[in-house]
Amino acid sequence: MIESHLAIANPAVHPGASGAGASAGTLTVLARLLEARTGQQIASSRAWRLDVALKPLLRDREIDTLDQLVDTLLDGSDHGLGDRIIDALVNGESSFFRDQPVFDTIAQALTAIAPDHRGRVWSAGCATGQEPLSLAMMFAEAAGEGSPPELVATDVSEAALARARSGRYNQFEIQRGLPVRRMMRWFDSDGTDWTAKPELTRLIQYRQSNLVTDPAPGGRFDIILCRNVLFYLAAGAKAKVFASLAAALRPGGLLVLGAGETVIGQTDLFMPSTRYRGFYEHTDTKRRIKG
Amino acid sequence: MKTCLVVDDSKVIRKVARHILETLDFQVSEACDGREALDACNASPPDVILLDWNMPVMSGMDFLRALRESNVPTRPKVVFCTTENGMAYIRAAIEAGADEYVMKPFDRDTIESKLQIVGLA
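From first to last, the protein sequence lines stand for chains A and B.
FYI, our numbering numbers position 209 of the first sequence as 209, with every residue one higher than the one before it.
Count along the second sequence from 1, add 1000, and you get the number used in our numbering.
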């Protein structure tokens, strides 16, 4: 769904890039802050979007320019400003049941790969929660009175996670990918917003986590979704994330990437699944299962 | 080419919906009320109908009930598209045979998403 991805994208910003007249030094500070916190890089061709992405924050802090924003950041007088800048630069654009066939395959695969234990699924980079909520709806409907799989959802952005935890979506967000019958069953109308029912949100454990620098959630997972996240990472950061995902995935488990992403040429730790098209598994799955 | 009948008494809404649908490769026809829409369906049923609720002559709900009771040879998908956004309205529409529901105002992503859900985009 999902991407707590950048409103901006790779590779590194250069001094001539525009940020609505911001100095090269300001752009460099913002680019380094973002890369240090998230592993994401700012495309030089899209540095102009810094101004767009940070405009609401400038307004909120009553600051006129990006240069002044960075001065305030560097003098340390505004505690938490760095976090707010990261939240503004990370774009949590998402939709429910994004790429529906992926969800159909997950439902099918989980039954096969976790036949004798309660399944565990990790939504890595869950943004504003549409992906884990979609999984939770699907799992709860399939489980009936039984116990649905354990569902962990992480994101680097506290602001995105706060929205995910609230389960509250506006009229445009709620209509992206969510069939009306599921909306009626799992959401309550609240003015023009719609809020996920507690019996749905309680199925998800949300945690703030940086995929590049923080350890994966405890235990191993049968399925990990990390969709439209790796695309925005530098090569070094991507390697760290692949290693972390490989360690967190149970032998025989499946990794799910975004529609335009692949492991081919990116890592030796995963290979395309021969069982589930478009999914990935450990390169040494057969050996590990036998072992 | 897939076909869509846009049923709305607002010329502006019909124009906006037509533009969006044409970018999604639909052949679009229009009707100003439920009666015109029923005539159009009897003549040539479309694949999908984007249907307003409140219209003169025949409302969207009256049209939907008539359509589902009619002998139209195929069963067009019906996507309500209305400012009536309360749960009671949505439930009534689904129970009357609507396949999906768009709450106005809408944008291209919303229309495309709902058409994907009914299997037409």
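Cβ atoms here follow ideal geometry from the backbone N, Cα and C, with glycine treated the same way.
Keep in mind it's a predicted model, so treat the numbers as computed, not measured.
message = Under DSSP, the beta strand (DSSP E) around K197/A begins and ends at which residues?
response = Boundaries cannot be given for K197/A, as no beta strand (DSSP E) includes it and DSSP labels it neither H nor E.
message = For K1104/B, which residues in the same chain have their Cβ closer than 7 Å to its Cβ, ignoring the five residues on either side in sequence?
response = Result list for K1104/B: C1081, T1082 and T1083, in chain order.
Segment limits, alpha helix (DSSP H) that includes K1015/B = From DSSP, the alpha helix (DSSP H) with K1015/B extends over K1011 to T1023.
message = Against chain A, with Cβ distances strictly below 8 Å, would M1061/B count as a contact?
response = Taking Cβ atoms only, chain A never reaches closer than 8 Å to M1061/B, which makes this a no.
Nearest neighbour of A259/A, chosen from L27/A, D99/A and L58/A [CA to CA] = By alpha-carbon distance to A259/A, the top candidate from L27/A, D99/A and L58/A is D99/A.
inquiry  = Just to confirm the assignment, what range does the alpha helix (DSSP H) spanning L74/A have?
reply    = L74/A: member of the alpha helix (DSSP H) spanning L66 to D75, first to last residue.
request  = Would you list the one or two residues that DSSP bridges to I223/A?
outcome  = According to DSSP, which records beta bridges pairwise, I223/A is partnered with V121/A and L254/A.
query = Got a sec, what are the start and stop residues for the alpha helix (DSSP H) M138/A sits in?
reply = Where M138/A is concerned, the enclosing alpha helix (DSSP H) stretches over Q130 to A143.
inquiry  = Assuming C965/B and F1026/B are in contact, meaning their beta carbons sit under 8 Å apart, how far apart are those beta carbons, in whole angstroms?
reply    = Nothing about residue 965/B can be read from this structure; chain B reaches only from 1001 to 1121.
key: CB of V90/A within 8 Å of CB of V156/A, strictly   = Their beta carbons are under 8 Å apart, which means V90/A touches V156/A by this criterion.
query = How about K1114/B: is its C-beta nearer than 8 Å to some C-beta of chain A?
reply = Yes, K1114/B counts as interfacial toward chain A.
task = Establish whether the CB of R275/A and some CB of chain B are separated by less than 8 Å.
result = Not one chain B Cβ lies under 8 Å of R275/A.
inquiry  = Suppose the cutoff is 7 Å on Cβ atoms and the five residues either side in sequence are ignored; what does the same chain contact list for E1100/B look like?
reply    = Excluding positions up to five away in sequence, the list reads V1079, K1114, I1117 and V1118.
query = Quick one: does G1119/B have its CB under 8 Å from some CB of chain A?
reply = Not one beta carbon of chain A lies nearer than 8 Å to the beta carbon of G1119/B.
message = So if I threshold CB-CB distances at 8 Å, which residues from the region 1076-1091 of chain B count as touching chain A?
response = Here the close residues are N1085, G1086, M1087, I1090 and R1091.
query = Taking any Cβ of chain B, which residues in the region 165-184 of chain A have a Cβ under 9 Å from it, in chain order?
reply = Those residues of the region 165-184 of chain A that come within reach of chain B (Cβ to Cβ, closer than 9 Å) are Q171, F172, I174, Q175, R176, G177, L178, P179, V180, R181, M183 and M184.
Within the region 1066-1110 of chain B, ranges of the alpha helix (DSSP H) (whole runs, at least 4 residues) = Within the region 1066-1110 of chain B, the complete alpha helix (DSSP H) segments of 4 residues or longer fall at 1087-1095, listed in chain order.
ask   = Is any beta-carbon of chain A found at less than 8 Å from that of D1107/B?
value = Flagged as an interface residue toward chain A: D1107/B, by a C-beta distance shorter than 8 Å.
Residues bridged to M271/A (per DSSP) = Residue pairing by DSSP places M271/A opposite E281/A in a beta bridge.
message = Taking the straight line between their C-alpha atoms, what separation do you get for D1062/B and G1034/B?
response = Cα-Cα distance, rounded: 7 Å.
task = Could you tell me if the beta carbon of L110/A falls within a distance shorter than 7 Å of some heavy atom in the ligand MG?
result = With respect to the ligand MG, the structure offers nothing, as it holds no ligand at all.
query = By DSSP, does K1002/B sit in helix, in strand, or in coil?
reply = In this structure, K1002/B counts as strand in the three-state DSSP scheme.
message = With a threshold of 8 Å between beta carbons, is E1095/B in contact with chain D?
response = Among the chains of the structure shown, chain D does not appear; the protein chains present are A and B.
task = Go to V156/A, then tell me how far its alpha helix (DSSP H) extends in each direction, as first and last residue.
result = Per DSSP, V156/A belongs to no alpha helix (DSSP H) and is neither H nor E.
ask   = What in chain A is Cβ-close to E1100/B, meaning under 8 Å?
value = Here the neighbours are P179 and V180.
query = Nearest-angstrom Cα distance between R118/A and R227/A?
reply = Each residue's Cα considered, the two are about 23 Å apart.
task = Taking T1110/B as the query, report the chain A residues whose CB atoms sit under 8 Å from its CB, ordered along the chain.
result = Within chain A, F172, Q175 and R176 have C-beta atoms less than 8 Å from the C-beta of T1110/B, given in sequence order.
query = Is F97/A helix, strand or coil by DSSP?
reply = Of the three classes helix, strand and coil, the one that applies to F97/A here is coil, per DSSP.
ask   = In terms of residues, what are the limits of the alpha helix (DSSP H) holding V29/A?
value = A24 to T38 is the span of the alpha helix (DSSP H), which, as asked, contains V29/A.
ask   = Given a threshold of 16 other Cβ atoms within 10 Å of its Cβ, counted over all protein chains shown, does M1001/B qualify as buried or as exposed?
value = Result: exposed.
query = Since M1103/B meets chain A, which of its residues come closer than 7 Å, beta carbon to beta carbon?
reply = Result: Q171 and Q175.
message = Please confirm whether L95/A has its beta-carbon closer than 8 Å to some beta-carbon of chain B.
response = In the sequence as presented, Leu is not what sits at residue 95/A; that position holds Ser. Under the Cβ distance rule, S95/A counts among the residues neighbouring chain B, one pair being separated by less than 8 Å.
query = What residues from chain B crowd round S147/A, counting only those whose CB sits closer than 9 Å?
reply = By Cβ distance, chain B contributes nothing, its closest Cβ being about 28 Å from S147/A, past 9 Å.
ask   = Per DSSP, which one or two residues make a beta bridge with F187/A?
value = For F187/A, which the question treats as bridged, DSSP gives the partners A196/A.
Reduced DSSP category for E1036/B - H, G, I as helix; E, B as strand; rest coil = If DSSP states are grouped into helix, strand and coil, E1036/B belongs with the helices.
request  = For V1057/B, name the three-state secondary structure that DSSP assigns.
outcome  = Coil at V1057/B, not helix or strand.
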